[in-house]
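S.K.:
Residue numbers (our numbering): 332 to 586.
Written as structure tokens, this is what we have:
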């Protein structure tokens with residue numbers, strides 16, 4: 332298991348106050364990393380940090396709004412001040428969705444989704460990459476995309492477009508980062524219950540969707556752990572610009 336060890340590494344997880352981000356932070360801490368848990372809700376971040384501490388890990392909660400350049404730059408300055416160096420690992424996990432037919436969706440709703448899901452990844456990736464380069468740190472960035480980056484879904488145009496952008500942005504980031512020893516990859520999860528979608532997945536429409544998944548079930552958080560540790564550890568040292576789909580075969584569903 333030493334191949335997947337993150338001992339002596341520091342990892343930043345955005346959107347770490349709940350859902351997948353909270354889980355990712357715990358997984359990275361269990362693998363030996365000191366984890367910077369970041370989001371807008373400081374009270375929840377402190378809970379996550381306390382949970383990690385109880386499991387024997389190390390965590391630093393930092394308030395971060397990925398839609399604000401000042402907040403992102405401030406967070407990286409805080410990380411450097413607290414740890415004396417930038418993070419080796421960045422998990423770009425912050426995300427949101429606002430449903431509606433594209434022809435009826437307000438520009439404010441469209442912009443909110445794109446700014447959080449896509450521009451936020453660019454913003455954190457940009458400042459994180461520059462911090463690594465300045466310090467001479469070789470690192471790994473993992474962007475959380477979605478299977479909606481590869482297929483359409485009704486009433487989620489902004490979300491699908493934002494995640495398709497994340498998938499493609501990953502390759503650009505990887506191309507630029509490679510010369511500095513910075514690997515950039517993405518994970519496209521299928522459907523897992525989160526605060527964004529739990530009501531939908533419990534509905535009649537969600538049940539119909541479950542039946543279209545090749546494995547006939549939604550995923551469990553732990554089933555993303557392998558991909559996460561592969562892309563953040565030495566086990567994936569020759570991987571960059573890749574997107575790993577973890578969806579139970581959902582994308583295999585025939586049209």
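Glycine residues also receive a C-beta, built at the ideal position from the N, C-alpha and C atoms.
What residues are listed by DSSP as bridge partners for residue 345?
M.R.: 369, per the DSSP bridge assignment.
S.K.: Over the uninterrupted beta strand (DSSP E) stretch that includes residue 394, give me the two end residues.
M.R.: Residues 389–394.
S.K.: Whole angstroms is fine: what's the gap from residue 495's alpha carbon to residue 575's?
M.R.: Roughly 14 angstroms between the two C-alpha positions.
S.K.: Check this for me: beta carbons of residue 365 and residue 473, under 8 angstroms apart or not?
M.R.: No, Cβ-Cβ distance for residue 365 and residue 473 is not below 8 angstroms.
S.K.: Expressed to the nearest angstrom, what Euclidean distance is found between the alpha-carbon atoms of residue 393 and residue 369?
M.R.: Rounded to whole angstroms, residue 393 to residue 369 spans 5 angstroms at the Cα level.
S.K.: To the nearest angstrom, how far is the alpha carbon of residue 509 from that of residue 499?
M.R.: Cα-Cα distance, rounded: 16 angstroms.
S.K.: Whole angstroms are fine: how far does the CA of residue 583 sit from the CA of residue 520?
M.R.: Whole-angstrom Cα-Cα distance: 14 angstroms.
S.K.: Sorry if obvious, but does the Cβ on residue 498 come closer than 7 angstroms to a heavy atom of the ligand GTP?
M.R.: The ligand GTP is not among the ligands present in this structure, which contains no ligands whatsoever.
S.K.: If I follow the unbroken alpha helix (DSSP H) through residue 574, where does it start and stop?
M.R.: That residue, residue 574, is in no alpha helix (DSSP H); its beta strand (DSSP E) goes 574–577.
S.K.: Need the endpoints of the alpha helix (DSSP H) that residue 422 sits in, please.
M.R.: Element bounds for residue 422: not the alpha helix (DSSP H) but the beta strand (DSSP E), 420–423.
S.K.: Is it true that the segment 504–518 meets the segment 464–473, where meeting means three or more beta-carbon pairs spaced less than 8 angstroms apart?
M.R.: As far as the Cβ criterion goes, the segment 504–518 touches the segment 464–473, which means the pair count is three or higher.
S.K.: Under DSSP, the alpha helix (DSSP H) around residue 473 begins and ends at which residues?
M.R.: Here residue 473 belongs to no alpha helix (DSSP H); instead the beta strand (DSSP E) covers 471–475.
S.K.: Using the DSSP secondary-structure output, state which residues sit across from residue 518 in a beta bridge.
M.R.: 475, 575, per the DSSP bridge assignment.
S.K.: Let me confirm a value: residue 340 is counted as buried when at least 16 other C-beta atoms fall within 10 Å, else exposed. Which label applies?
M.R.: By the 10 Å Cβ count, residue 340 comes out buried.
S.K.: Just to confirm, are residue 464 and residue 343 a CB contact at a threshold of 8 angstroms?
M.R.: No, these two residues do not count as a Cβ contact at 8 angstroms.
S.K.: Can you tell me whether residue 525 is helix, strand or coil according to DSSP?
M.R.: Residue 525 falls in the coil class under three-state DSSP.
S.K.: Can you tell me whether DSSP reads residue 350 as helix, strand or coil?
M.R.: Reduced to three states, the DSSP call for residue 350 is helix.
S.K.: Look at the Cβ atom of residue 425, then the Cβ atom of residue 397, and state whether they are nearer than 8 angstroms.
M.R.: Contact: yes.
S.K.: Alpha carbon to alpha carbon, how far is residue 487 from residue 432? Give it in angstroms, no decimals.
M.R.: Computed Cα separation, rounded: 7 angstroms.
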